[in-house]
Amino acid sequence: MGAASITVLAGCGSNDALAQQAKSGDNKNYIAGDGSVTEYAPSQRTPPVVLTGKLYDGTAISSADWAGQVVVLNFWYAACAPCRLEAPRLEALWEQFQRDGVRFYGVNIRDEEQTATAFERTFGITYPSMEDKNGGILLAMAQYVPPQAVPSTLVLDKQGRVASRILGLADQGILKTLILSAQAE
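And the structure:
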(Lines of atoms letter the chains of each structure in order from A and count residues from 1; the text may use other names and numbers.)
(Lines give C-alpha, C1' and ligand atoms only; values in the text may rest on other atoms or scores of the structure.)
Protein backbone atom coordinates (compact mmCIF):
# COMPACT_ATOMS: atom_id res chain seq x y z
CA MET A 1 0.00 0.00 0.00
CA GLY A 2 2.83 2.42 0.78
CA ALA A 3 4.43 1.81 -2.63
CA ALA A 4 1.15 2.48 -4.41
CA SER A 5 0.77 5.78 -2.56
CA ILE A 6 4.27 6.82 -3.55
CA THR A 7 3.62 5.89 -7.17
CA VAL A 8 0.38 7.86 -7.24
CA LEU A 9 2.00 10.91 -5.66
CA ALA A 10 4.97 10.74 -8.00
CA GLY A 11 2.61 10.46 -10.95
CA CYS A 12 0.66 13.54 -9.86
CA GLY A 13 3.74 15.64 -9.25
CA SER A 14 5.43 14.73 -12.51
CA ASN A 15 2.70 16.33 -14.63
CA ASP A 16 2.69 19.64 -12.72
CA ALA A 17 4.61 22.24 -14.78
CA LEU A 18 5.43 24.42 -11.77
CA ALA A 19 6.67 21.42 -9.79
CA GLN A 20 8.87 20.41 -12.74
CA GLN A 21 10.36 23.91 -12.90
CA ALA A 22 11.06 23.89 -9.18
CA LYS A 23 12.82 20.52 -9.40
CA SER A 24 14.76 21.30 -12.57
CA GLY A 25 17.69 22.93 -10.78
CA ASP A 26 18.35 25.28 -13.71
CA ASN A 27 19.13 28.17 -11.33
CA LYS A 28 16.90 30.69 -13.10
CA ASN A 29 15.76 31.76 -9.61
CA TYR A 30 12.07 32.02 -10.38
CA ILE A 31 9.17 29.79 -11.29
CA ALA A 32 7.40 31.19 -14.30
CA GLY A 33 3.65 31.27 -14.30
CA ASP A 34 2.06 29.25 -17.06
CA GLY A 35 0.44 32.26 -18.73
CA SER A 36 -3.00 31.19 -17.58
CA VAL A 37 -5.73 33.80 -17.52
CA THR A 38 -8.57 33.60 -15.03
CA GLU A 39 -11.62 35.82 -15.10
CA TYR A 40 -13.98 35.88 -12.13
CA ALA A 41 -17.68 36.56 -12.71
CA PRO A 42 -18.93 39.39 -10.48
CA SER A 43 -21.01 36.92 -8.47
CA GLN A 44 -17.93 34.75 -7.87
CA ARG A 45 -15.58 37.50 -6.67
CA THR A 46 -14.29 37.61 -3.13
CA PRO A 47 -14.57 40.70 -0.91
CA PRO A 48 -12.52 43.77 -1.85
CA VAL A 49 -8.76 43.61 -1.53
CA VAL A 50 -7.44 45.25 1.62
CA LEU A 51 -3.81 46.27 1.48
CA THR A 52 -1.44 49.09 2.24
CA GLY A 53 1.94 49.74 0.73
CA LYS A 54 4.72 52.24 0.39
CA LEU A 55 5.87 53.51 -2.98
CA TYR A 56 9.58 53.86 -3.60
CA ASP A 57 9.20 57.65 -3.33
CA GLY A 58 7.95 57.14 0.24
CA THR A 59 4.25 57.75 -0.46
CA ALA A 60 1.95 55.52 1.60
CA ILE A 61 -0.95 54.05 -0.34
CA SER A 62 -4.02 52.07 0.60
CA SER A 63 -6.53 50.06 -1.36
CA ALA A 64 -9.19 52.20 0.36
CA ASP A 65 -8.06 55.06 -1.93
CA TRP A 66 -8.97 53.07 -5.05
CA ALA A 67 -12.76 53.01 -4.61
CA GLY A 68 -14.53 53.42 -7.93
CA GLN A 69 -11.40 52.85 -10.02
CA VAL A 70 -10.05 49.87 -11.93
CA VAL A 71 -6.59 48.93 -10.64
CA VAL A 72 -3.86 46.81 -12.23
CA LEU A 73 -1.37 45.21 -9.83
CA ASN A 74 1.74 43.65 -11.36
CA PHE A 75 4.05 41.54 -9.18
CA TRP A 76 7.66 41.71 -10.42
CA TYR A 77 11.37 41.97 -9.64
CA ALA A 78 14.32 43.11 -11.70
CA ALA A 79 16.12 39.79 -12.31
CA CYS A 80 12.93 38.10 -13.56
CA ALA A 81 13.36 37.59 -17.32
CA PRO A 82 9.60 37.55 -18.12
CA CYS A 83 9.21 40.76 -16.08
CA ARG A 84 11.68 42.42 -18.43
CA LEU A 85 9.69 41.24 -21.46
CA GLU A 86 6.36 42.48 -20.18
CA ALA A 87 7.56 45.84 -18.80
CA PRO A 88 7.08 47.74 -22.11
CA ARG A 89 3.65 46.13 -22.56
CA LEU A 90 2.51 47.29 -19.15
CA GLU A 91 3.87 50.79 -19.72
CA ALA A 92 2.01 51.01 -23.05
CA LEU A 93 -1.26 50.02 -21.36
CA TRP A 94 -0.64 52.46 -18.51
CA GLU A 95 -0.13 55.26 -21.04
CA GLN A 96 -3.36 54.25 -22.78
CA PHE A 97 -5.56 53.89 -19.70
CA GLN A 98 -4.31 56.47 -17.20
CA ARG A 99 -6.52 59.16 -18.81
CA ASP A 100 -9.51 56.98 -17.96
CA GLY A 101 -8.53 56.80 -14.28
CA VAL A 102 -7.19 53.24 -14.35
CA ARG A 103 -4.41 52.92 -11.79
CA PHE A 104 -1.32 50.78 -12.32
CA TYR A 105 0.99 49.69 -9.51
CA GLY A 106 4.01 47.48 -9.60
CA VAL A 107 4.61 45.33 -6.53
CA ASN A 108 8.32 44.58 -6.31
CA ILE A 109 8.81 41.49 -4.20
CA ARG A 110 12.64 41.32 -3.97
CA ASP A 111 14.63 44.40 -4.90
CA GLU A 112 16.21 47.23 -3.00
CA GLU A 113 15.07 50.68 -4.13
CA GLN A 114 18.18 51.30 -6.28
CA THR A 115 17.71 48.07 -8.24
CA ALA A 116 13.98 48.65 -8.71
CA THR A 117 14.39 52.25 -9.88
CA ALA A 118 17.21 51.24 -12.26
CA PHE A 119 14.86 48.66 -13.80
CA GLU A 120 12.13 51.27 -14.14
CA ARG A 121 14.53 53.74 -15.80
CA THR A 122 15.87 51.08 -18.17
CA PHE A 123 12.40 50.02 -19.30
CA GLY A 124 10.77 53.47 -19.19
CA ILE A 125 8.24 52.56 -16.51
CA THR A 126 6.37 55.66 -15.34
CA TYR A 127 3.66 54.12 -13.13
CA PRO A 128 4.62 53.71 -9.45
CA SER A 129 5.81 50.58 -7.71
CA MET A 130 5.52 49.45 -4.12
CA GLU A 131 8.33 47.82 -2.22
CA ASP A 132 7.27 44.43 -0.82
CA LYS A 133 10.47 42.69 0.27
CA ASN A 134 8.78 41.72 3.54
CA GLY A 135 6.01 39.98 1.55
CA GLY A 136 3.06 41.70 3.23
CA ILE A 137 1.29 42.59 -0.02
CA LEU A 138 2.10 39.24 -1.62
CA LEU A 139 0.77 37.48 1.49
CA ALA A 140 -2.43 39.54 1.37
CA MET A 141 -2.88 38.42 -2.25
CA ALA A 142 -1.76 34.79 -1.77
CA GLN A 143 -5.13 33.34 -2.78
CA TYR A 144 -4.62 34.90 -6.22
CA VAL A 145 -0.85 35.12 -6.67
CA PRO A 146 1.28 32.07 -5.88
CA PRO A 147 4.46 33.48 -4.28
CA GLN A 148 6.72 31.79 -6.85
CA ALA A 149 4.68 32.71 -9.94
CA VAL A 150 6.25 36.01 -10.91
CA PRO A 151 5.34 37.94 -12.89
CA SER A 152 1.65 37.88 -12.09
CA THR A 153 -0.91 40.56 -12.85
CA LEU A 154 -4.27 41.24 -11.21
CA VAL A 155 -7.07 43.49 -12.43
CA LEU A 156 -9.28 44.82 -9.63
CA ASP A 157 -12.80 45.98 -10.41
CA LYS A 158 -14.26 49.31 -9.29
CA GLN A 159 -15.30 47.73 -6.00
CA GLY A 160 -11.72 46.61 -5.31
CA ARG A 161 -12.37 42.92 -5.98
CA VAL A 162 -10.11 40.75 -8.11
CA ALA A 163 -11.83 40.60 -11.49
CA SER A 164 -9.08 38.71 -13.33
CA ARG A 165 -5.50 37.52 -13.13
CA ILE A 166 -2.67 36.47 -15.38
CA LEU A 167 -0.06 34.09 -13.97
CA GLY A 168 3.13 34.63 -15.91
CA LEU A 169 3.98 36.89 -18.82
CA ALA A 170 1.04 39.20 -19.57
CA ASP A 171 -0.06 39.34 -23.18
CA GLN A 172 -0.78 43.00 -23.96
CA GLY A 173 -3.97 42.31 -25.93
CA ILE A 174 -5.40 40.01 -23.29
CA LEU A 175 -4.60 42.40 -20.45
CA LYS A 176 -6.19 45.26 -22.42
CA THR A 177 -9.36 43.20 -22.82
CA LEU A 178 -9.43 42.41 -19.09
CA ILE A 179 -9.06 46.10 -18.21
CA LEU A 180 -11.79 47.10 -20.67
CA SER A 181 -14.08 44.44 -19.22
CA ALA A 182 -13.54 45.75 -15.67
CA GLN A 183 -14.13 49.33 -16.84
CA ALA A 184 -17.40 48.38 -18.53
CA GLU A 185 -18.95 46.94 -15.37
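Per my numbering, residue -2 is the first one in the sequence shown, and the count goes up by one each step.
Glycine included, every Cβ here is placed at the ideal spot set by N, Cα and C.
Establish whether the CB of residue 161 and some CB of chain C are separated by less than 8 Å. Reference to chain C is not applicable here, since this structure consists of a single protein chain.
Bridge partner(s) assigned by DSSP for residue 100: Looking at the DSSP assignment, residue 100 forms a beta bridge with 68.
When 34, 33, 42 are compared against residue 157, the one with the closest alpha-carbon: 42
What are the residues that DSSP puts in a beta bridge with residue 127? 52, 104
Sorted by chain position, which residues of the same chain lie with C-beta nearer than 6 Å to residue 124's C-beta, five sequence neighbours on each side aside? 91, 101
So what does DSSP say about residue 160, is it helix, strand or coil? It is a strand residue.
With a CB to CB cut of under 6 Å and the five nearest residues on each side skipped, what residues in its chain are close to residue 179? 67, 152, 154, 160
Buried or exposed for residue 75, please, with buried defined as at least 16 other CB atoms from any protein chain shown within 10 angstroms of its CB. buried
If I measure Cβ to Cβ from residue 57 and keep anything under 6 Å in the same chain, skipping five residues before and after, which residues do I get? 51
From which residue to which residue does the beta strand (DSSP E) around residue 36 run? Taken as a continuous stretch (DSSP letters only), the beta strand (DSSP E) holding residue 36 covers 34 to 36.
Sheet register partners of residue 152 (DSSP bridge): The partner list for residue 152 (beta bridge, DSSP) reads 69, 161.
Taking the C-alpha atoms as reference points, what is the distance between residue 95 and residue 71? 15 Å
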